[in-house]
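Per our numbering, the sequence shown runs over residues 258 to 468.
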Amino acid sequence: MSSGASRRGPMSESVVERNRQQQVEWYGEPLSERLGRLLERLDLPQAGLSYLLGLPAPALSQLMSGNRARIGDEAVFSRLRAIEDLLGDPDFERMPSARVDELLATIRSGSGEPRATASDPGDADAGPLDRRAPDADAEPVPAAPPVPQQLPGDPVGTIQALLREVASAAELEAAAATLDQRFPELAEFLRVYGTGRAGDARAHLARTLGS
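Spelled out as structure tokens, the structure:
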């Protein structure tokens, strides 16, 4: 019994390490870090983030612990990207908390409303987001659109929206992998704008164009 348990331990650690390496390839970093930033910025427990993403809490925990490698639902990944885009908005820190809750609720429901800035308080009658975990009998979360609509004048958002409209995250990663050897700059472009974070994409744009 003891020898069997000792064999299972290292194997489990090996699987977790492999999953985390795959997450770095697919998502740019381990999901424990990428999702952890959302928890910290939004001041949410894991159950609250799982509610926003439309992802079962056990699945979120497995992704963050490395016991699971991939986000299998494109709608969940779209919500993740939309939340990251919201947090990356230069006006985010100035937004009233009620407006932030409204925009998060919009992302969760998948209605695709254009993101507003601090100068646009939105609908004053909109209720706050319930950040508690959903009940077991709650209605399924509707599928989100590929991306939220972007405000005019946001080239990064436009590029991301176009890429996510024509291909899934897995397809973009596969395309990047085929370009790695001969066209590494194009491969980087697909990864940064296709599956990376909005902040990284903006940094890439500024670095590339020298602005």
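Note that beta-carbon positions come from the ideal geometry of N, C-alpha and C, so glycine has one too.
DSSP places L296 in the helix class (H, G or I) of the three-state scheme.
Here T452 is near L429, since their CB atoms are less than 8 Å apart.
By the neighbour-count definition (other C-beta atoms within 10 Å, threshold 16), L343 is a buried residue. Boundaries of the alpha helix (DSSP H) around M321: 314-322.
Under the three-state reduction of DSSP, S366 is assigned to helix.
Comparing C-alpha distances from P347 to each of D411, E445, L462, E422 shows the shortest one belongs to D411. Just measuring C-alpha positions, the residue of I340, A455, A431 sitting nearest A444 is A431. A contact is defined here as three or more CB-CB pairs under 8 Å, and the segment 325-344 meets this definition with respect to the segment 297-312. With a threshold of 16 other beta carbon atoms within 10 Å, Q417 meets it and is buried. When the Cα atoms are used, T363 and F349 turn out to be separated by approximately 15 Å.
Counting along the chain, the unbroken alpha helix (DSSP H) around G456 starts and ends at 455-466.
Per DSSP, the continuous alpha helix (DSSP H) segment holding D342 begins and ends at 331-345.
Here Q280 is buried: its Cβ has 16 or more other Cβ atoms, across all protein chains shown, within 10 Å.
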